[in-house]
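As structure tokens, the structure follows; a few thoughts come after it.
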């Protein structure tokens, strides 16, 4: 998350071997980055996870931090409303598309679209690094 034009912005990067524009759905069928999903997550973080800030954790992102909890508190105060930018890369072709999404997680506009230069070489180097 960052601040863009004074507003909270969630940046999400997706890689897929097709030209997909989908984002994940939660168990209530709310799209990732949507106001409803943000609000539920903000309430969970500020209510249940705040006490775990700074404690050892085996979660992928490491221990919860006070700054992270504060950020979710800000999202809670905003009613879950923040800007959502999703970046979708086709891992076969190197085509990248950047979208802004509305409060429901629907695409509202294409912000950018381009082909990664030297994509096949980059793909090979990255593949070798993760062997």
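Residue numbers (the UniProt record's numbering): 1 to 131. Note that the Cβ used here is the ideal one computed from N, Cα and C, for glycine as well.
- Secondary structure at residue 107: strand, using DSSP grouped into helix, strand and coil.
- Looking at the backbone, the Cα of residue 88 and that of residue 117 are separated by about 16 angstroms.
- A residue is called buried once 16 or more other Cβ atoms fall within 10 Å of its Cβ, and residue 20, having fewer, is exposed.
- As DSSP reads the structure, residue 83 sits in a beta bridge with 9.
- The criterion of a C-beta distance shorter than 7 angstroms is not satisfied by residue 76 and residue 24.
- Apart from the 5 residues on each side of it in sequence, residue 122 sits with its Cβ closer than 7 angstroms to the Cβ of 116 in its chain, given in chain order.
- Its Cα nearest to that of residue 64, the residue 44 stands out among 32, 119, 98 and 44.
- Within the DSSP bridge table, the entry for residue 89 names 15 and 96 as partners.
- In the three-state scheme derived from DSSP, where H, G and I count as helix and E and B as strand, residue 123 is classed as helix.
- Within the segment 25-83, the runs of alpha helix (DSSP H) that reach at least 4 residues and sit entirely inside it are, in chain order, 35-44 and 66-77.
- Ranked by Cα distance from residue 30, the options 127, 119 and 105 are led by 105.
- Between residue 35 and residue 103, the gap from beta carbon to beta carbon is short of 7 angstroms.
- Taking residue 66 as the centre and dropping the five residues before and after it, the same chain places the C-beta of 53 closer than 6 angstroms to its C-beta, in chain order.
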